[in-house]
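Novice: Can you read through this structure? Questions will come right after.
Residue numbers (this note's numbering): 51 to 229.
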C-alpha cells in the first residue's frame with residue numbers, strides 16, 4: 051500500500067508538471083497530433099475525447115490504459131469530435147488488434163509483443179470500452195469509432211501499433227477489424 055501511494059503521488063506530480071508546461075510554455079507543448087497526447091477517455095453522448103500528456107514508457111509500463119492509468123482530477127484536456135474530425139493523422143504503417151477472452155494471459159502476450167523501438171501495444175484503452183458500451187446501448191457511431199482508432203493508431207517513432215481491447219469490446223471487434 052505504501053508503494054502504491056508513493057507511485058500515485060509521483061504520477062500526480064509528473065502530471066502537474068506536464069499540465070503546467072502544456073498551459074504556460076507553448077514551445078514545450080506536446081503537439082495535439084502527437085501520440086503522446088493520448089486519448090484516455092471518451093464521452094460518447096457529448097462526442098468529447100479527453101487527453102492526457104504521457105510518455106512512451108508510461109504507455110508501455112501500464113498493464114491497462116483505463117481509469118487505472120489516468121487521474122481525472124489532474125485536469126484532462128477535452129476536445130470535441132468537431133475539433134478532431136478534419137484532422138489528418140500520421141497512422142502507423144503496421145497496425146493490428148489482439149482480441150481475447152478474459153483471464154487468458156493476453157496481458158502477458160501483449161507485453162511479449164511490445165518490443166522497444168519496434169512495436170507499441172496499447173493495453174485495454176478506455177475509449178474502446180466506451181465505444182463497446184455505446185454499441186450495447188444503441189448509441190454507437192462509425193465516425194466516432196474511426197476517430198478513436200485514428201487517435202490510437204497514430205505513429206510512434208515508426209513503431210508498429212497493436213491494440214489489445216478489453217474482452218468486453220468483442221461486440222465491436224468486427225467493425226474495428228474493418229478499419
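Backbone N, C-alpha and C define an ideal beta-carbon position, used for all residues, glycine too.
Every value quoted in this text rests on a predicted model; they were computed, and no experiment measured them.
What does the alpha-carbon distance come out to for the pair residue 229 and residue 145?
Specialist: Here residue 229 refers to the residue found at position 179 of the chain shown. Here residue 145 refers to the residue found at position 95 of the chain shown. Whole-angstrom Cα-Cα distance: 10 Å.
Novice: Cα separation between residue 70 and residue 191?
Specialist: Counting from one through the chain shown, the residue named residue 70 turns up at place 20. Counting from one through the chain shown, the residue named residue 191 turns up at place 141. No answer about residue 70 holds up, because its pLDDT of 48 lies below 50 and its placement is not dependable.
Novice: Label residue 119 either buried or exposed according to how many other C-beta atoms from any shown protein chain fall within 10 Å of its C-beta, with 16 as the threshold for buried.
Specialist: Position 69 of the chain shown, counting from 1, holds the residue named residue 119. So residue 119 counts as buried.
Novice: Using only CA atoms, which one of 87, 188, 195, 127 lies nearest to residue 105?
Specialist: Position 55 of the chain shown holds residue 105. Per the Cα distances, 87.
Novice: Of all the beta strand (DSSP E) runs that stay within the bounds of the stretch 138-175, which reach a length of 3 or more residues?
Specialist: Within the stretch 138-175, the complete beta strand (DSSP E) runs of at least 3 residues are 145-147, 169-173.
Novice: On the CB-based measure, 16 or more other CB atoms within 10 Å of its CB, does residue 195 come out buried or exposed?
Specialist: The residue you call residue 195 lines up with position 145 of the chain shown. When all chains shown are included, residue 195 counts as buried.
Novice: Excluding five sequence neighbours on each side, which residues of the same chain lie with their C-beta closer than 7 Å to the C-beta of residue 203?
Specialist: Position 153 of the chain shown holds residue 203. Excluding positions up to five away in sequence, the list reads 141, 142, 145, 211.
Novice: Check residue 110 in the structure and name its three-state DSSP category.
Specialist: Counting from one through the chain shown, the residue named residue 110 turns up at place 60. In the structure shown, residue 110 sits in a helix (DSSP, three-state: H, G or I).
Novice: So, under 8 Å CB-CB, residue 172 and residue 127 are touching, yes? Tell me the CB distance rounded to an integer number of Å.
Specialist: Working through the chain shown from its first residue, we reach residue 172 at position 122. Working through the chain shown from its first residue, we reach residue 127 at position 77. That belief does not hold up - the Cβ atoms of residue 172 and residue 127 are roughly 19 Å apart, past 8 Å.
Novice: So the candidates are 94, 89, 85, 225; which of them puts its Cα closest to the Cα of residue 189?
Specialist: The residue labelled residue 189 in the question sits at position 139 within the chain shown. The shortest Cα separation from residue 189 among 94, 89, 85, 225 belongs to 94.
Novice: In the DSSP assignment, find the beta strand (DSSP E) that holds residue 196 and state where it starts and stops.
Specialist: For this step, residue 196 is matched to residue 146 along the chain shown. Careful: residue 196 lies outside any beta strand (DSSP E), inside the alpha helix (DSSP H) at 192-202.
Novice: Give me, in chain order, the residues of the same chain whose beta-carbon lies closer than 6 Å to that of residue 227; leave out the 5 immediate sequence neighbours on both sides.
Specialist: Along the chain shown, read from residue 1 onward, the residue named residue 227 stands at position 177. Same-chain partners within the cutoff: there are none.
Novice: Provide the residue(s) that pair with residue 87 in DSSP beta bridges, ordered along the chain.
Specialist: Translated into positions along the chain shown, residue 87 becomes position 37. Residue 87 is bridged to 103.
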